[in-house]
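Protein chains: 2
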Amino acid sequence: MEKFEIVKITPEGLTGIEKGVSEEVPLTIEVNGSEIATILASPFHIDDLARGFLFTSGMIAEISGIRSLYIDMERFRVVAEFEGNLKDFVFKRIYTSGCGKGVIFHNPIDVIGKTALSNGLEITAEKLVCLMKQFLSRQTEYCDTGGVHGAALASSEEIYVTREDIGRHNAIDKVIGASLAAGTGMADKILLTTGRVSSEIFSKVLRARIPVIAALGGPTNQAVKLARVTNITLVGRLRGGRGEIYSGERRIL
Amino acid sequence: MEKFEIVKITPEGLTGIEKGVSEEVPLTIEVNGSEIATILASPFHIDDLARGFLFTSGMIAEISGIRSLYIDMERFRVVAEFEGNLKDFVFKRIYTSGCGKGVIFHNPIDVIGKTALSNGLEITAEKLVCLMKQFLSRQTEYCDTGGVHGAALASSEEIYVTREDIGRHNAIDKVIGASLAAGTGMADKILLTTGRVSSEIFSKVLRARIPVIAALGGPTNQAVKLARVTNITLVGRLRGGRGEIYSGERRIL
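Residue numbers (this note's numbering), protein chains in the order written: chain B, 116 to 368; chain S, 116 to 368.
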């Protein structure tokens, strides 16, 4: 966070205060010698972001695919090396880079081709409501700045990892990257997010084969259709003891 | 909106209901014969989105720069023709397309080079709070789905235009596009947004030369710095009669 002197509007009038604001840095990602993207992100957990981004963007099939990962936090530069060439990815990235919600290297609709997930874990609605409450209570930077999104990976019992970023895509990439690095299996876990669920957010969860996504925001119709085709449980607007199960209700007891 | 049969989680238990969900469509934008981007967007006010996108992305300096605009809502395709070539834009788009928050055709930091805005309008904090309340009360789709962001252009007295989209960048592009098409001057107006304010959101407002941006969410440090350099009033977390003036407080009485 960076501190600024600002003026607060209150019912009693205007008052000067010092305020912490979320930092935003342009993170350039270089893969096999090519600069492939510049992501505006929060300047922490950059290694998780890089791993998650390379994985959810479809560049690597598993964490072991990264031969080397060098992070320069002075010039906000990630230099990654892995086997294979970038041609296909770069072509597709250019084609879809206009998306309003982050860079993707494949058409989200492609994911329909993937095999559906097995039923995996089950969780009670009460427990899911409770996990979301715990998750939100851990959003440290959000409380201070209101400028970031959060994401977390949880089992049906507890939260494993929580990450924040100015971009909701980045927060999810960080959680997935941290889970890959820690070797945490995701096939029996739940992804929690403070954001809305578009087809792109959904495709990250599907790529990580996480069977349940629970969001504070609502989903788009494409995310609901993809969730139903791939047997992923999608719960939206989960707050205040209420929520909406758009897909895979068999996992919610 | 598309209707789905879903299961609602309530303190009393699970119940089946029919629920409207925000639609998401992949909108392909073709300029001078080249496909330049595919934007995931809400399928309404596409003409405003196209005009606003071409303007805020820096492709056209004014609305008259668009020679022709053809919108195919069956194939979700926008075909625009304007003078000049795309080479520079396309190069820069590739370079920055990794941003977590929408495609941009120039580095947001470039905008610092632009001349600062004159002081223009003034507004009382009470009136600004009231405009945000009015704006939020007009978020029709958000109330139903929780899946969209909203933006609006207002004077110090009233709201001129309100738009919604699954992407917060798109909602702002729609408002700017609609204002350009209507010939509404923006130099004495206020941009209202339900989102957070990153450097990219800020650069859209600066490009439209709108002197005041008021947001429900918080800004990033880069947005605050850009606002201070360019003399734009940036108010964040404006809700419940409270708000935070990060820049240009001289316009808030």
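Virtual Cβ for every residue (Gly too), placed ideally from N, Cα, C.
For the beta strand (DSSP E) holding residue i, just list the boundary residues, first then last.
i	result
residue 129/S	128-136
residue 274/S	274-280
residue 120/S	117-125
Output, in chain order, the set of chain B residues within a Cβ distance shorter than 7 Å of residue i.
i	result
residue 262/S	311, 332, 333, 334 and 335
residue 290/S	Result: empty, since nearest Cβ-Cβ is about 14 Å, beyond 7 Å.
Mind listing the chain S neighbours of residue i? Cutoff is C-beta to C-beta under 7 Å, in chain order.
i	result
residue 125/B	357
residue 240/B	124 and 129
residue 145/B	In chain order: nothing, as chain S lies at least about 11 Å away.
residue 364/B	122
residue 117/B	336
Residues of chain B with CB under 8 Å from residue i, in chain order?
i	result
residue 134/S	359 and 361
residue 244/S	124
Give me the chain S residues within the contact set of residue i, using Cβ-Cβ distance strictly less than 9 Å, ordered along the chain.
i	result
residue 193/B	Those within 9 Å of residue 193/B in chain S number zero; the least Cβ separation is about 11 Å.
residue 138/B	335, 336 and 337
Does DSSP put residue i in a helix, in a strand, or in coil?
i	result
residue 182/S	strand
residue 191/B	coil
residue 149/S	strand
residue 215/S	Interpretation of residue 215/S is limited by its pLDDT of 33, a score under 50 that renders its predicted location unreliable; the figure taken from the coordinates is listed afterwards. Three-state result, residue 215/S: coil.
residue 290/B	helix
residue 364/B	helix
residue 232/S	coil
residue 256/B	helix
residue 350/B	strand
residue 176/B	coil
Tell me the residue span of the alpha helix (DSSP H) that contains residue i.
i	result
residue 252/S	240-252
residue 165/S	161-171
residue 266/S	Looking at the DSSP string, residue 266/S is not in any alpha helix (DSSP H); the run it does join, the beta strand (DSSP E), is 264-269.
Return yes when at least one heavy atom of the ligand FMN lies under 7 Å from the C-beta of residue i, else no.
i	result
residue 281/B	Looking at this structure, you won't find the ligand FMN or any other ligand, since it has none at all.
Which bits of chain S does residue i rub up against, with CB to CB less than 8 Å?
i	result
residue 300/B	Result: empty, since nearest Cβ-Cβ is about 26 Å, beyond 8 Å.
From the beta carbon of residue i, is the nearest beta carbon of chain A less than 8 Å away?
i	result
residue 157/S	You won't find chain A in this structure, because its protein chains are B and S.
Chain-ordered residues of the segment 158-189 of chain B with a beta carbon less than 7 Å from chain S
none
To test your reading of the DSSP string, which unbroken alpha helix (DSSP H) runs of 4 or more residues are found completely within the segment 300-331 of chain S?
314-322
Any C-beta of chain S within less than 8 Å: which residues of the segment 339-353 of chain B qualify?
339, 350, 351, 352 and 353
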